[in-house]
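In my numbering, the protein residues as written are 234 to 520.
Glycine is no exception: its CB is placed at the ideal position from the N, C-alpha and C atoms.
One structure is given below, encoded as structure tokens.
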Amino acid sequence: MRVLVVLASLLMASPLRAAERINVVASFSILADFVRAIGGGKVNLTTLVGPDSDVHVYTPAPGDAKRVAEAKLVIVNGLGLEGWLPRLVQSSGAKAQVVIASAGIAPLKLGSAADPHAWQSVPNAKIYVADITGALVAADPDDADLFRAEAKAYLEKLEALDREVRDAVAKIPPERRKVISTHDAFGYFAAEYGVQFIAPLGVSTETEPSARDIAAIIGQIKAQKIPAVFLENISDDRLIRRIAAETGAKVGGTLISDGLTGEKGLAPTYIDMVRHNIKALTSALDH
């Protein structure tokens, strides 16, 4: 009898528990962090574009099609960020539901294209969380209460974070609320919180600025007395360092833009990222 009890407990352990989890693929690290915050132990999570990596220029790895094929949900940003993803989903033969986490966000325009970096506004992050929660609840109704409870707790943290950012920006003199960053990743932050960002690379890190672009930015920094330029964790820093050297603007540090850092880095979670960025901005601009 005891042997049967032991066997039953073994069967109840890993295989069935593992079967209860749903396979979810997130396109990049920021979305993965949202999924982790809401899904917790009920989700087997795979992230295609990992920490400190650039989602704009990602080339799918050989194993990615298999991961997508095995997923129940594929969570993507949308707004043109993951240009490589539709082909990957098609080639995998996946039957997964593709969830656009930015659905419901009014996109900003950069030229003729949408600006995909909507997560840089904390109110938008709350929309991402609502979209992801809805997808998890639909995919796994048995755990709906857990997902909703985790989402509610996380949304409260985002509320507090949003207040933190607004309070920090309010302390920066209005005439000093302008910076140079590598590429146009902070348009939603700028629109939400009133800090002006100027970027030589435009909306995607795939583009290369011309000599004329760089000269124009150098002229702009001098004319507008822009106090600081910032590096990004996903980009080559040579361009920004050159601009700083030619203008005398100080390098205000590194902003986290399109990907979180590793566990031991400056910003392993979304909340860490926003806190790090606002601290870097205020320390460079607030004096």
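- With a CB to CB cut of under 7 Å and the five nearest residues on each side skipped, what residues in its chain are close to Lys359? Your numbering for residue 359 matches position 126 in the sequence shown. Excluding positions up to five away in sequence, the list reads Leu388 and Leu391.
- For Ala334, count neighbouring Cβ atoms within 10 angstroms of its own Cβ and tell me buried if that reaches 16, exposed if not. Along the sequence shown, read from residue 1 onward, the residue named residue 334 stands at position 101. Ala334 should be labelled buried.
- Gln330 versus Trp317 - alpha carbon distance: Taking the sequence shown and counting its residues from 1, one reaches residue 330 at position 97. Taking the sequence shown and counting its residues from 1, one reaches residue 317 at position 84. Whole-angstrom Cα-Cα distance: 17 Å.
- Ala259 in three-state terms, based on DSSP: In the sequence shown, residue 259 corresponds to position 26, counting from 1. Residue state, collapsed to three classes: strand.
- Task: Please list the segments of the alpha helix (DSSP H) lying wholly inside the region 381-413, counting only runs of 4 or more residues, in order along the chain.
- Result: none
- Item | Coil, strand or helix - Ile511 by DSSP | As a first step, residue 511 must be located in the sequence shown, where it is residue number 278. In this structure, Ile511 counts as helix in the three-state DSSP scheme.
- Item | Local Cβ density within 10 Å of Gln323, reported as buried at 16 or more and exposed below that | Residue numbering aside, residue 323 sits at position 90 when the sequence shown is read from its first letter. That one is exposed.
- Query: Measuring CB to CB, does Tyr421 end up less than 8 Å from Asn510?
  - Reply: Position 188 of the sequence shown, counted from the start, is the residue given in the question as residue 421. Position 277 of the sequence shown, counted from the start, is the residue given in the question as residue 510. Their beta carbons are not under 8 Å apart, which means Tyr421 does not touch Asn510 by this criterion.
- Query: Counting along the chain, where does the alpha helix (DSSP H) carrying Gly486 start and finish?
  - Reply: Taking the sequence shown and counting its residues from 1, one reaches residue 486 at position 253. Counting along the chain, Gly486 falls outside any alpha helix (DSSP H), though it belongs to the beta strand (DSSP E) covering Lys483 to Leu488.
- Message: Assuming the contact rule is C-beta atoms closer than 8 Å, Gln429 and Arg409 should be a hit. Round their C-beta distance to whole Å, please.
- Response: Within the sequence shown, numbered from 1, the residue matching residue 429 stands at position 196. Within the sequence shown, numbered from 1, the residue matching residue 409 stands at position 176. The pair is not a contact, with the Cβ atoms about 10 Å apart (cut-off 8 Å).
- Item | Distance between Val309 and Ala368 (C-alpha atoms, nearest Å) | Within the sequence shown, numbered from 1, the residue matching residue 368 stands at position 135. Within the sequence shown, numbered from 1, the residue matching residue 309 stands at position 76. So the two alpha carbons sit approximately 12 Å from each other.
- Message: In this structure, how does DSSP classify Asp505 when only helix, strand and coil are distinguished?
- Response: Working through the sequence shown from its first residue, we reach residue 505 at position 272. Asp505: helix per DSSP, three-state reduction.
- Message: Run through the DSSP bridge pairs and tell me what Val309 is partnered with.
- Response: By one-based count along the sequence shown, residue 309 stands at place 76. Answer by DSSP bridge pairing, in chain order: Ile333.
- Message: Using beta carbons (cut-off 8 Å, strictly below), is Ser516 in contact with chain C?
- Response: The chain inventory of the structure shown lacks chain C, comprising one protein chain alone.
- Taking DSSP as the reference, what is the three-state secondary structure of Val282? Here residue 282 is taken as the residue at index 49 of the sequence shown, counted from 1. Reduced to three states, the DSSP call for Val282 is strand.
- Buried/exposed call for Thr494, threshold 16 Cβ in 10 Å: Along the sequence shown, one-based indexing puts residue 494 at 261. So Thr494 ends up on the buried side.
- Item | Residue interval of the alpha helix (DSSP H) (run including Gln429) | In the sequence shown, the residue the question calls residue 429 occupies position 196. Gln429 -> not in any alpha helix (DSSP H); beta strand (DSSP E) instead, spanning Gln429 to Ile431.
- Query: Among the residues of its own chain, which have a CB less than 6 Å from the CB of Ala327, if the five just before and after it don't count?
  - Reply: The residue labelled residue 327 in the question sits at position 94 within the sequence shown. The answer, listed in chain order, is Val301 and Ala302.
- From Ser437 to Arg445, what does the alpha carbon distance come to, in whole angstroms? Translated into positions along the sequence shown, residue 437 becomes position 204. Translated into positions along the sequence shown, residue 445 becomes position 212. Residue placement at Ser437 is poorly supported in this model, since its pLDDT is 45, which falls under 50; the coordinates still yield a value, given next. Each residue's alpha carbon lies about 18 Å from the other.
- Could you give the distance in angstroms between the alpha-carbon of Arg508 and the alpha-carbon of Gly492? Your numbering for residue 508 matches position 275 in the sequence shown. Your numbering for residue 492 matches position 259 in the sequence shown. About 14 Å.
- Query: Using the C-alpha atoms, what's the distance from Ile263 back to Leu514?
  - Reply: Within the sequence shown, numbered from 1, the residue matching residue 514 stands at position 281. Within the sequence shown, numbered from 1, the residue matching residue 263 stands at position 30. Cα to Cα, Leu514 sits roughly 20 Å from Ile263.
- Arg269: buried (16+ other C-beta within 10 angstroms of its C-beta) or exposed? On the sequence shown, residue 269 is found 36 positions in, with the first residue counted as 1. So Arg269 ends up on the buried side.
- Could you give the distance in angstroms between the alpha-carbon of Leu518 and the alpha-carbon of Ala304? Stepping through the sequence shown from its first residue, residue 518 is reached at position 285. Stepping through the sequence shown from its first residue, residue 304 is reached at position 71. Their backbone Cα atoms lie some 44 Å apart in a straight line.
- Determine the direct distance from the alpha carbon of Leu343 to that of Phe267, and round the result to whole angstroms. For the purposes of this step, residue 267 is identified with residue 34 of the sequence shown, where counting begins at 1. For the purposes of this step, residue 343 is identified with residue 110 of the sequence shown, where counting begins at 1. Between Phe267 and Leu343, the C-alpha separation is close to 26 Å.
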